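> From first to last, the protein sequence lines stand for chains A and B.
So the first sequence is numbered by this note's numbering: it starts at 22 and just counts up by one.
So the second sequence is numbered by this note's numbering: it starts at 150 and just counts up by one.
Okay, here's the structure, questions in a sec.
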Amino acid sequence: EADIYQTPRYLVIGTGKKITLECSQTMGHDKMYWYQQDPGMELHLIHYSYGVNSTEKGDLSSESTVSRIRTEHFPLTLESARPSHTSQYLCASSRISSGTEVTGELFFGEGSRLTVL
Amino acid sequence: KNQVEQSPQSLIILEGKNCTLQCNYTVSPFSNLRWYKQDTGRGPVSLTIMTFSENTKSNGRYTATLDADTKQSSLHITASQLSDSASYICVVSDRGSTLGRLYFGRGTQLTVWP
């Protein structure tokens with residue numbers, strides 16, 4: 022079992038509300054990610070971080086923001102939620118590899134399913 | 150454009166039967182390929198990883214193959230169980246480092262019936 026936790030698992034909110042999806046890992050991994058997943062579609066990277074105070078935007082444009090103040094914590098915030106933000110959000114982490122080491126395995130949380138009415 | 154294509158999109162089999170899922174990719178350069186299993190409502194979990202020099206790797210009833218020349222991989226499930234019902238996702242990395250980018254397939258949704 023991976024030691025990465027997401028809360029809330031399910032969230033239903035109205036348009037215009039501010040929400041924060043929490044993600045924490047206890048594996049000491051430096052790299053963390055947020056993916057968005059819709060039914061039948063591939064995972065899309067929306068944010069990632071190499072470590073504390075490092076955040077980068079992913080391939081999929083997103084109105085959300087992230088922060089990385091502590092190694093173990095990588096929350097995602099939507100300032101004003103809209104119905105188009107309805108989706109499954111998956112947090113993941115991996116250990117930074119070096120040299121010839123194979124790219125690290127992703128450890129995923131259980132996901133946060135967001136519904137915006 | 151780097152892509153990962155999986156087939157079939159969905160598959161229904163009876164418990165105890167074998168099945169094979171396919172993954173074709175155009176990612177270049179190639180570093181490694183992972184198969185993940187995602188149960189409904191859960192996060193994906195890694196099953197196997199294949200590097201360029203590996204042809205076959207097994208994890209219990211799961212056997213992955215890789216043909217780096219044709220850029221194809223398969224995941225064979227033997228003696229399927231009801232718990233194998235899940236989405237199986239193929240993920241390809243373009244280099245073996247932290248900077249490696251990951252390319253995800255859309256997954257094959259497997260349903261095992263009793």
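In this text, a Cβ means the ideal position worked out from N, Cα and C, and glycines have one as well.
Here the structure is a predicted model, which means the values were calculated and not measured.
1. For the stretch 80-92 of chain A against the stretch 29-38 of chain A, do three or more pairs of beta-carbon atoms, one drawn from each stretch, fall closer than 8 Å, so that the two count as touching?
2. Can you list, in chain order, the residues of its chain whose CB lies under 7 Å from that of K78(A), leaving out five sequence neighbours each side?
3. What are the start and end residues of each continuous beta strand (DSSP E) run of 3 or more residues lying completely inside the stretch 164-210 of chain B, in chain order?
4. In the DSSP assignment, find the beta strand (DSSP E) that holds I90(A) and state where it starts and stops.
5. Using a beta-carbon distance cut-off of less than 9 Å, what residues from the stretch 191-223 of chain B approach chain A?
6. Measuring CB to CB, does S195(B) end up less than 9 Å from E126(A)?
7. Name the residue from L170(B), G192(B), E203(B), T189(B) whose alpha carbon lies nearest to the alpha carbon of S223(B).
8. Is the separation between the beta-carbon of C172(B) and that of G254(B) shorter than 9 Å?
9. Interface residues of chain B around L111(A) at Cβ under 7 Å?
10. Tell me which residues share the same chain as K220(B) and place their Cβ nearer than 6 Å to its Cβ, disregarding the 5 neighbours each side in the sequence.
11. Which of the residues in the stretch 160-179 of chain B, read from start to end, lie with their CB under 8 Å from any CB of chain A?
12. Rank T136(A), P104(A), S88(A) by C-alpha distance to the C-alpha of W55(A) and give the top, closest one.
Based on what the coordinates show:
1. With a cut-off of 8 Å, the stretch 29-38 of chain A and the stretch 80-92 of chain A do not count as touching, because too few Cβ pairs lie within range.
2. H68
3. 168-174, 181-187, 194-200, 205-208
4. That residue, I90(A), is in no beta strand (DSSP E); it is neither H nor E in DSSP.
5. So the list reads R191, G192, P193, V194, S195, I198, T200, given in the order they occur along the chain.
6. yes
7. Shortest Cα-Cα distance from S223(B) to any of L170(B), G192(B), E203(B), T189(B) involves L170(B).
8. yes
9. G192
10. Y174
11. none
12. S88(A)
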